[in-house]
Every structure is written in C-alpha cells, then in structure tokens.
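Enquirer: Input: one structure, supplied below.
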Amino acid sequence: MSRLIIVSNRIPGKSPAAGGLAVALKKTLSTRDGFWFGWSGSFSEKPEKKARFETIDGLRIGQIDLTRADHAAYYAGFSNSILWPAFHLRLDLTDIQSHWYEGYRGVNAQFADALVEEIEPGDIIWVHDYHLIPLATELRRRNIRNRIGFYLHIPFPTPDALNAIPHHEDLLKDLVAYDLVGFQAHRDLVAFNEFIAHEQIVAETGGKPFVVDPGDTVLDVFPIGSDPEAFARLGKSAAAQKMYNRVARGLNGRALVLGVDRLDYSKGLPQRISAYEKLLENNASLRRTVHMIQIAPPSRDTIKEYQVISDELDSAVGRVIGKFSEPDWLPLTYVKRAYGQASLAGLYRLARVGLVTPLRDGMNLVAHEYVGAQDPEDPGVLVLSRFAGAAEIFHDALIINPFDTDETAEAMRQALVMPLEERKQRWRNLMDAAQEHNVDNWAESYLDALAHGHAASSPGDDDTPGTRPHATTHGAAGKPGTPRTSIASRMPFFPWLRSVFS
Ligand code: F6P
Numbered sequence: 000m001s002r003l004i005i006v007s008n009r010i011p012g013k014s015p016a017a018g019g020l021a022v023a024l025k026k027t028l029s030t031r032d033g034f035w036f037g038w039s040g041s042f043s044e045k046p047e048k049k050a051r052f053e054t055i056d057g058l059r060i061g062q063i064d065l066t067r068a069d070h071a072a073y074y075a076g077f078s079n080s081i082l083w084p085a086f087h088l089r090l091d092l093t094d095i096q097s098h099w100y101e102g103y104r105g106v107n108a109q110f111a112d113a114l115v116e117e118i119e120p121g122d123i124i125w126v127h128d129y130h131l132i133p134l135a136t137e138l139r140r141r142n143i144r145n146r147i148g149f150y151l152h153i154p155f156p157t158p159d160a161l162n163a164i165p166h167h168e169d170l171l172k173d174l175v176a177y178d179l180v181g182f183q184a185h186r187d188l189v190a191f192n193e194f195i196a197h198e199q200i201v202a203e204t205g206g207k208p209f210v211v212d213p214g215d216t217v218l219d220v221f222p223i224g225s226d227p228e229a230f231a232r233l234g235k236s237a238a239a240q241k242m243y244n245r246v247a248r249g250l251n252g253r254a255l256v257l258g259v260d261r262l263d264y265s266k267g268l269p270q271r272i273s274a275y276e277k278l279l280e281n282n283a284s285l286r287r288t289v290h291m292i293q294i295a296p297p298s299r300d301t302i303k304e305y306q307v308i309s310d311e312l313d314s315a316v317g318r319v320i321g322k323f324s325e326p327d328w329l330p331l332t333y334v335k336r337a338y339g340q341a342s343l344a345g346l347y348r349l350a351r352v353g354l355v356t357p358l359r360d361g362m363n364l365v366a367h368e369y370v371g372a373q374d375p376e377d378p379g380v381l382v383l384s385r386f387a388g389a390a391e392i393f394h395d396a397l398i399i400n401p402f403d404t405d406e407t408a409e410a411m412r413q414a415l416v417m418p419l420e421e422r423k424q425r426w427r428n429l430m431d432a433a434q435e436h437n438v439d440n441w442a443e444s445y446l447d448a449l450a451h452g453h454a455a456s457s458p459g460d461d462d463t464p465g466t467r468p469h470a471t472t473h474g475a476a477g478k479p480g481t482p483r484t485s486i487a488s489r490m491p492f493f494p495w496l497r498s499v500f501s
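Numbering that gives the first Met the number 0 numbers the first residue of the sequence shown as 0 and each following residue consecutively.
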C-alpha cells in the first residue's frame, strides 16, 4: 500500500487541537505508512526550511514553524477574514486586504518547500481545507508528479461570493491542479458547477468569462463522518458517566437542551438563543421543566468579527437569563470553554434535545457525535439546520431554517414533547445514517478515488435513494487503465455544461 501524507494547517496533538479533522484522520493514518504534515503551532523569526519530525500519539508528524507576520497574513488574514466568511456567504464580515494574499501563497510555498524533501515516488498526498488551496500548484511547480487530493471541510461559495474573493481565478486554477477535489455535500458540487455555468452565461452575453479547464481533475462529494460506535462506547465510559451524573443532579429531572459549537458567527448562536427565548415565551408551561446548556469555546479571537460575535452572544444570553430566571430556576447556562470528548459524550447522552443550527456549515460533526452517544432505549432528538452538510444525510432529524427563530422554537417544542417510540424510530434511522457515513468509509472511499482516479458514486448509481456505495462497490474502478472521470461527467444538474468541456 502506498504511503499516505496528510497535510493540514493544524496537526494533531498540538494545542489548539486540529478538532474534528484530527479525530477523523488519526485512525486512517494509524493503519498506513506515512506522516501528517502541518504548522507546528510555534513562531520563529527565521523558520527552518526543512520539516522536523516527531511522534505524537503514535503518529509520525512533520512540522514547520512560521513567522508571526506570515501566519497573521495566511491564517487570520486571507484564510479566516476573507475565505472563511466568503465561503460561509458572509460577505458583510469579510475584511478584504489584498496584501494578505501574498502571505497566504507564501506559506503554501513554504509548506511545499518542506514537503518536496520528504515525498517519495508513489506517495499519496491528501491536503485538507481552505488554508491550503494553492498547495498542489506549488508542489507541481517543484516537479512533484504524485497523486494529490484536496478535501474542503467548509461549504463551497455561490458565484457572487466567489467573485468577491480577491484572486479567486488563481484559487480555481489551484483547485484543478489537484487530481481529486472532495466536497462535504452535493450542495457544494452544485455551487462549483454553478460558477462554471455563470461564466458560460457571461460568455454567451458577450462578456469576458473566466475559463477554468478542469482537465483530468475529478470533483466529487464525500460526506465526512465520525466513529459512531466509538462515541456510543465513550458515552457509557466512566468519564462520560461522571459528567452525566454531575449535570443530571443539577437538572433535577428537567429536560436538557444542548448546543456545542466553536464560538463562530457561522454557527448561528444568537439566533439559537432567540429561538430558545421564543420557546419559553410561547410555552409558559415548559418553563422550569427545561434547561439549556450552550458550550462555545472561543476561537480565532484575534479577529474582530469573532470578538463581535462573542459580545453578541454574551448579550443574548444575559437577555434570556434576565427575562426568565427565578430565584430557584435558571433557563440557561453558557459555558465559554472547551471540554474533552468523553465529557461531551456524557452531555450528549443526557440531552433530550441536541441543537445543531448553524447558518451554514461544511458537515458539522457534532451532529454525528450527538447521534452516536445516545441511549438507544431513551434517545434524544436532533434539531438540525438545513444549511449544515449533515442535513443531506440526517433526514430523521427535525430540520429547521436557523434564520427562522419561530420554526426553530417550534422544533425544540416538538422535540421536548416527542413520544418515546418516535424518538427511538428517528434515532435508529439517524444512527444507521451515521454508521453508513462513518469516518472509515469516508476516508476509504476518498483515498480509493484518489489512488485510482475515479469519481465516487453518482446519485442513481445505487438502488437506495440518498445512499452512496462505498469504495469497494466501484467495480472496475481501480483497474489499470480505467479512464479518469472529469468534472464534466459529474454534472448531474447541468448536463449541458458537458459541451463546455468536451
Ligand atoms: O471547520 C473547518 C475547520 O478548519 C476544521 O477543520 C477545524 O476543526 C475548525 O475549522 C477549527 O478552526 P481553527 O483551526 O481555525 O481553530
């Protein structure tokens, strides 16, 4: 089996942690030869060009330091003040300072310089997320001919949002320098196709289109998952039980409504608190019978917009506490700090309602983990935003529009009064979906497609609507000489676009 090189901005085992990504990929890498490469988490005014290696948690990790200035331009600047808000359709929150682009490309070039020294023929390179879109271009410039794949963990933007990003033409060319580009949801592939369609219309109406030639690049959907069985075990572990008991004592029989999110404006937290406020306002009988816990560890707090959302949330929480609290009952607890996975699993298991209501999100692994941690005999109900990638697979959640706080409040009410039998049935279906889309199937199907140059499944490849076959069901895929599928053959919604690429 070829060696696997995983590349991401953050690396596992360093603080702050690489989050869901680390959990997802640690297992994959632990079963193969290879290493994980990324930023060390440290600054240096004269970073070594060459990667230094260490073993963390049994994984071989290569890392480089960055200068503070480069990191600021690449991470807080171009990645998180331009790409992140634009990809999440928050153009109002972008801070467009074009000079950050130089730092962004510069860090990608530094990653490439360090990596070329380590890459061997036959290695498969898997690059993760929006921080590293130009990496394949940089590696190709350094004569790396290995197969290189990219996976986008956040949503792909609409044409207008993409057009608002400085140098977006370069970024699109960078994407098609990869052999495989993976998205979280069909929505994202549709958005990519829509950009191409939009440029076609520009051409037809006499404008100057931007033509991106995908060549042999395959673009496809690979929804990421978690390890639901592991989460189920974790939910019953001693550490989880400890948290469960501690919080259950405080609840004293009240139903727990739970949200767990990084403190980010894409997560819809003020809207969620407003919806909870409406729940209490419209259903006086529910007051004193429920308690909401919102866990939201701060992140990216050097960026102004993150300070603004933090203040906004503080004020929304204060408003609801002031409005409904009684001397012996608080409607809401807001915890601004991170917890370990076991503690979270205990909380998920205790929660009658799991709130995953982002305004826009790649997948949202909290949804998967909440499902995994439930007690099959007394499961909670998932209230899920239609704008999370998870909504494409979790059809038995209560699906809401997070901008509509009345609808979200009503879904919370329904979840709180839902009969046990319905909760069990819905949870069984959610757990089946979480198991089908688990992290192992995700990684296996992506790596199989990357190694052999084929698309994953098309809607309709499988008899079962809404499911996709795993890598092993691709039949001829992987046989030497199998023709590679280009984007043109993955355009179920824009078949006429095939002509553009043919
Ligand atoms: O959701 C995208 C993502 O990059 C995840 O991969 C990661 O866990 C999360 O955002 C955290 O972001 P940051 O690395 O900026 O703290």
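For each residue, glycine too, the CB sits at the ideal point set by N, CA and C. Treat the numbers as computed from the prediction; the structure is a model and nothing was measured.
Using a Cβ-based criterion (distance less than 6 Å to any ligand heavy atom), does R9 qualify as near the ligand F6P?
Expert: As a position in the sequence shown, residue 9 is number 10, starting the count at 1. Yes, the Cβ of R9 comes within 6 Å of a heavy atom of the ligand F6P.
Enquirer: Identify whether D403 lies in helix, strand or coil by the three-state DSSP scheme.
Expert: In the sequence shown, the residue the question calls residue 403 occupies position 404. It is coil, neither helix nor strand.
Enquirer: From W370 to M430, what distance separates their C-alpha atoms?
Expert: Residue 370 sits at position 371 when you count from the first residue of the sequence shown. Residue 430 sits at position 431 when you count from the first residue of the sequence shown. The sequence given here places Val at residue 370; Trp does not occur at that position. Looking at the two C-alpha atoms, the distance is approximately 6 Å.
Enquirer: Could you pull the DSSP bridge partners for F149 from this structure?
Expert: Here residue 149 refers to the residue found at position 150 when the sequence shown is read from its first residue. DSSP lists V126, V180 as partners of F149.
Enquirer: Return the CA-CA distance between V211 and R253, expressed in angstroms with no decimal places.
Expert: For this step, residue 211 is matched to residue 212 along the sequence shown. For this step, residue 253 is matched to residue 254 along the sequence shown. So the two alpha carbons sit approximately 56 Å from each other.
Enquirer: Does the stretch 223-236 come into contact with the stretch 193-207, if we say contact requires no fewer than three beta-carbon pairs (one atom in each stretch) closer than 8 Å?
Expert: The stretch 223-236 vs the stretch 193-207: no contact.
Enquirer: Does the beta-carbon of H70, which I'm using as the reference point, lie nearer than 6 Å to any heavy atom of the ligand F6P?
Expert: Here residue 70 refers to the residue found at position 71 when the sequence shown is read from its first residue. No - the ligand F6P has no heavy atom lying nearer than 6 Å to the Cβ of H70.
Enquirer: Beta-carbon separation of D94 and S78 under 7 Å?
Expert: Against the sequence shown, residue 94 aligns to sequence position 95. Against the sequence shown, residue 78 aligns to sequence position 79. Going by C-beta atoms, D94 is not nearer than 7 Å to S78.
Enquirer: State the start and end residues of the unbroken beta strand (DSSP E) segment that holds W38.
Expert: By 1-based counting over the sequence shown, the position of residue 38 is 39. Where W38 is concerned, the enclosing beta strand (DSSP E) stretches over 33-42.
Enquirer: Considering only residues of the same chain and omitting the five flanking positions on each side of K277, which have a CB-CB separation below 7 Å?
Expert: Counting from 1 along the sequence shown, the entry for residue 277 is found at position 278. Correct list, in chain order: T404, D405, A408.
Enquirer: Looking at the strands, I want to know which residues DSSP matches up with V211.
Expert: Counting from one through the sequence shown, the residue named residue 211 turns up at place 212. BP columns for V211 are empty, so no partner.
Enquirer: Please classify G234: does DSSP put it in a helix, a strand, or coil?
Expert: Position 235 of the sequence shown, counting from 1, holds the residue named residue 234. The answer is helix: DSSP assigns G234 an H, G or I state.
Enquirer: Decide if E203 is buried, meaning its Cβ has at least 16 other Cβ atoms within 10 Å, or exposed.
Expert: Position 204 of the sequence shown, counted from the start, is the residue given in the question as residue 203. So E203 ends up on the exposed side.
Enquirer: Taking 6 Å as the cut-off, is the C-beta of S236 nearer than that to any heavy atom in the ligand F6P?
Expert: Along the sequence shown, one-based indexing puts residue 236 at 237. No, Cβ of S236 sits at least 6 Å from all heavy atoms of the ligand F6P.
Enquirer: Please return the same chain residues whose Cβ sits closer than 7 Å to the Cβ of R348, not counting the five positions on each side in sequence.
Expert: What you label residue 348 is simply residue 349 of the sequence shown in a count that begins at 1. Excluding positions up to five away in sequence, the list reads G234, A239, Y243, A372, Q373, D374.
Enquirer: In this structure, does DSSP put D310 in helix, strand or coil?
Expert: By one-based count along the sequence shown, residue 310 stands at place 311. In the structure shown, D310 sits in a helix (DSSP, three-state: H, G or I).
Enquirer: Would you decide whether G121 is buried or exposed? Buried here means 16 or more other CB atoms lie within 10 Å of its CB.
Expert: On the sequence shown, residue 121 is found 122 positions in, with the first residue counted as 1. Exposed, by the Cβ-count rule.
Enquirer: Any chance the stretch 129-138 sits against the stretch 155-165, with 3 or more Cβ pairs inside 8 Å?
Expert: Cβ pair count under 8 Å is below three, so no.
Enquirer: Give me the Cα-Cα distance between N8 and A315, rounded to the nearest whole angstrom.
Expert: Stepping through the sequence shown from its first residue, residue 8 is reached at position 9. Stepping through the sequence shown from its first residue, residue 315 is reached at position 316. About 33 Å.
Enquirer: Hey, how far is the Cα of R40 from the Cα of R412?
Expert: Residue 40 sits at position 41 when you count from the first residue of the sequence shown. Residue 412 sits at position 413 when you count from the first residue of the sequence shown. Contrary to the premise, residue 40 reads as Gly rather than Arg in this sequence. Each residue's alpha carbon lies about 43 Å from the other.
Enquirer: Just how far apart, CA to CA, sit A519 and S265?
Expert: The structure shown does not extend to residue 519, since the chain is modelled only from 0 to 501, so the question has no answer here.
Enquirer: For D128, is the beta carbon positioned less than 6 Å from some heavy atom of the ligand F6P?
Expert: For the purposes of this step, residue 128 is identified with residue 129 of the sequence shown, where counting begins at 1. D128: yes, Cβ under 6 Å from the ligand F6P.
Enquirer: On the DSSP bridge list, what partners appear for A387?
Expert: If you number the sequence shown from 1, residue 387 lands on position 388. For A387, which the question treats as bridged, DSSP gives the partners D360.
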